[in-house]
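First residue of the sequence shown: 1, per the UniProt record's numbering; consecutive thereafter.
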Amino acid sequence: MAQKVATPLIQVDPDVFTRFIQENDGAVREILLRELEDILIQGCMDVYGNNQTRIAEALGVNRGTLRTRMKELGYIGL
């Protein structure tokens, strides 16, 4: 089981978050997961460059899944 980090990695203003939830009712989870995927991929690219195999390993996904997400997020051409 993965460890919980001692210091929060993402800080969100409670008022902004509440407004986000109100404005995106029904799509909150999907929007946040896409945003988080983008942050995770970008962070791994900062560390591992364009080494998709290493990025996929770091994220715990297979390379094909990573490539699909990278295409959807615009990191690589469709």
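Think of the CB as a built atom: it goes at the ideal place given N, C-alpha and C, for glycine as much as any other residue.
Predicted model, so just to flag it, every value in this text is computed and none were measured.
Original post:
With a Cβ-Cβ cutoff of 7 angstroms, do D46 and L73 count as a contact?
Top reply: no
Original post:
What are the start and end residues of each continuous alpha helix (DSSP H) run of 4 or more residues lying completely inside the UniProt domain "DNA binding HTH" (33-73), in chain order?
Top reply: 52-59 and 63-73
Original post:
Beta-carbon separation of T53 and R63 under 7 angstroms?
Top reply: yes
Original post:
If you count every other CB in all the chains shown that lies within 10 Å of the CB of A56, and 16 or more means buried, which is it?
Top reply: buried
Original post:
Per DSSP, what kind of secondary structure is D15 in: helix, strand or coil?
Top reply: helix
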